[in-house]
């Protein structure tokens, strides 16, 4: 086996490993055969509703971007002793799912709802969701920008700030949010520094190991 093929194999294995508690991940996936995951505005809203229901109890979200045929998430899984308020196990109810199970439940529920709505059958997603651990501060910062910049990168809008289905605007808003807004903005020091950072250029080579497939 060549060195390059060995590295690809190791990367694929890591993308299938269960999510660990207390780790930061880039989670992403796309539609099967590049099919659109979101056809209408209601699809985006439905995905976010399921995400809040299934994922919020087990993970904190720093950034997200939902595009027509793929999505990106930047999250930190909670520790096993960090159940969300109201999520403590009760007699006769199943225990809180693991992070991997929670994400799978969310995506499976979305696929089932989507297929039912459009009379569709078969797999909606290309594969099981992909996950890459983020292990340095620099990677975290660059990846956050990369996720927000994605709609512009793929030509959906001329300015990524205009894309309504990303966390960029919500992080700058004052309305209640499930995002880790305070933590993200504190990371940059001020709101202005956060905005200034998003005026730069994504260094994709520096985070190549974190963005996996460069989705079209």
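Residue numbers (our numbering): 10 to 225. For each residue, glycine too, the CB sits at the ideal point set by N, CA and C. Quick caveat, the model's predicted, so the values are computed rather than measured.
Residue 63 sits in a helix when the DSSP states are folded into three classes.
In this structure, the straight-line span from the alpha carbon of residue 176 to that of residue 72 is close to 5 Å.
No residue range can be given for residue 144, since it is assigned to no beta strand (DSSP E) and is classified by DSSP as neither H nor E.
In chain order, 115 place their CB closer than 7 Å to the CB of residue 60, counting only its own chain and leaving out the 5 sequence neighbours on each side. Looking at the backbone, the Cα of residue 74 and that of residue 38 are separated by about 11 Å. Around residue 70, the same chain offers 84 and 188 as residues with beta carbons nearer than 6 Å, after the five sequence neighbours per side are excluded. Here the region 141-152 makes no contact with the region 42-59; the two share fewer than three CB pairs at distances below 8 Å. For residue 195, the uninterrupted alpha helix (DSSP H) segment begins and ends at 190-197. In the three-state reduction of the DSSP assignment, residue 51 falls in the helix class, which pools H, G and I.
For a cut-off of 8 Å, the C-beta gap from residue 67 to residue 143 is around 17 Å, too long to register as a contact.
Excluding the 5 residues flanking it on each side, residue 120 has same chain C-beta neighbours closer than 7 Å at 133 and 134, in chain order. Between residue 180 and residue 86, the gap from beta carbon to beta carbon reaches 8 Å or more.
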